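Have a look at the structure below before the remarks.
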Amino acid sequence: MFSYFIPLLIISALYDDSAAKTSWDCEPKSISAYSTNENLLKVDVRMERVGRAGFFFTGTVFWNIDMDESVMVQLELYRSTTGAESDYKLTPMSIPRQTFIEYINTYYRDMVIKNLGECSDLPRYEDQYVPPWPKKNYTLTRCTINGVGMPEVLLAGFYKIKVNISHPEVNQEVKAIVKVTPKMF
Ligand SMILES: *[C@@H]1O[C@H](CO)[C@@H](O)[C@H](O)[C@H]1NC(C)=O
Ligand SMILES: *[C@@H]1O[C@H](CO)[C@@H](O)[C@H](O)[C@H]1NC(C)=O
C-alpha cells in the first residue's frame, strides 16, 4: 500500500504471495460513498456481518467514464486512538494524488486486486495496465480483506480511509472506518 513497504513486499513474495503476514486484524465499522454524478461513477458497497467478528463487503462499482490521464485518485489515511472524530490525524501512509493508470500499475496491482480479485470481476492485468478498463457495472460479492500488500505492522486504533476518484465531470468519494487490533494467535 505504501511505497516504503515495497521492499517488504518483495521479501514476503519470495515466501508466499497469497498469505499476508500481518500482525493485526481489522474490523470495519462503517463504509459510505458519495458521487457527484451517479451516471458516470457510482460506488455502492455495504457491509454484511457474519457471526461476532466476521464481515464481508458486497456491492457494485458502476464505471462509465473512459480510462485516461484525466482520471485521478488519491487516498488519505487518518488514525485515531479512541475513535473520537476530533482525534483523527493524517498519517504518512496515504497515496498522493496520481493518475488512476499509475495507480493500476502499483497499489491496485499489488494490493487491491490481491484482496478483491477473487470476490469481484474487477479488471486484472498481468503486469502493467493494457487498455481497456471496460465501462461496466462491476460486482463485489462477499469480499474480505486478507491484508496482502498492506503493512505487516499497524498501530492499534481506528483508521479512517478516504478515497477520492476524480475526473473532469465527476468526483467519487469512498469513506470507511476500520478498527485495527493486534492479531490473536
Ligand atoms: C449495478 O448492478 C446492481 C446489482 O445488479 C443494480 O442494483 C444497479 O442498479 C446497477 N447499477 C447500474 C448503474 O446499472
Ligand atoms: C477530490 O479531488 C478533486 C480533485 O483534486 C477535488 O476537487 C475534490 O474536492 C476532492 N473531493 C473530496 C471529497 O476530497
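The sequence shown maps to residues -20 to -1, 1 to 165 in mature numbering (1 follows the signal peptide of the UniProt record, and there is no 0). Ideal Cβ placement from N, Cα and C applies to all residues, glycine included. Since the model is a prediction, treat every value here as computed from it, not as a measurement.
{"Check": "Just to confirm my understanding: we take ALA64, look at its own chain, exclude 5 residues before and 5 after, and list those with CB closer than 8 Å. What are they?", "Outcome": "none"}
{"Check": "Nearest to MET130 by CA position, among GLN152, CYS123 and ASP90, is which residue?", "Outcome": "ASP90"}
{"Check": "Indicate the three-state DSSP secondary structure (helix, strand or coil) for THR86 in the structure shown.", "Outcome": "helix"}
{"Check": "With respect to the alpha helix (DSSP H) encompassing ILE93, which residues constitute its N-terminal and C-terminal limits?", "Outcome": "93 to 96"}
{"Check": "To the nearest angstrom, report how far apart TYR105 and ASP46 are at their CA atoms.", "Outcome": "17 Å"}
{"Check": "Is LYS116 near ligand 1 - that is, is its Cβ less than 7 Å away from at least one heavy atom of it?", "Outcome": "no"}
{"Check": "Our contact map puts PHE42 next to LEU21 with C-beta atoms below 8 Å; I'd like the distance itself, whole angstroms only.", "Outcome": "7 Å"}
{"Check": "Under the criterion of a Cβ to heavy atom distance below 7 Å, does VAL86 qualify as lining ligand 1?", "Outcome": "Note on identity: in this sequence residue 86 is Thr, with Val being the wrong assignment. No, ligand 1 has no heavy atom inside 7 Å of this Cβ."}
{"Check": "State the Cα-Cα distance for the pair PRO8 and LYS159, rounded to the nearest angstrom.", "Outcome": "6 Å"}
{"Check": "When the Cα atoms are used, what is the spatial distance from VAL143 to ASP48?", "Outcome": "18 Å"}
{"Check": "Do THR71 and TYR58 come within 8 Å of each other at the CB atom, strictly closer than that value?", "Outcome": "yes"}
{"Check": "Cβ atoms of ILE145 and GLN152: under 8 Å apart, would you say?", "Outcome": "yes"}
{"Check": "If you check the beta carbons only, do ASN85 and VAL128 fall under 8 Å apart?", "Outcome": "no"}
{"Check": "Would SER10 and VAL23 be called neighbours here (beta carbons separated by less than 8 Å)?", "Outcome": "no"}
{"Check": "Suppose contacts are defined by Cβ-Cβ distances below 8 Å. Is HIS147 in contact with VAL51 by that definition?", "Outcome": "yes"}
{"Check": "Is it right to say VAL110 is buried, meaning 16 or more other beta carbons lie within 10 angstroms of its own, or is it exposed?", "Outcome": "exposed"}
{"Check": "Within 10 Å of its beta-carbon, does SER100 have 16 or more other beta-carbons around it, so buried, or fewer, so exposed?", "Outcome": "buried"}
{"Check": "Which residues does DSSP list as the beta-bridge partners of TRP4?", "Outcome": "PRO162"}
{"Check": "Just grab the DSSP bridge partners of ASP24 for me.", "Outcome": "THR40"}
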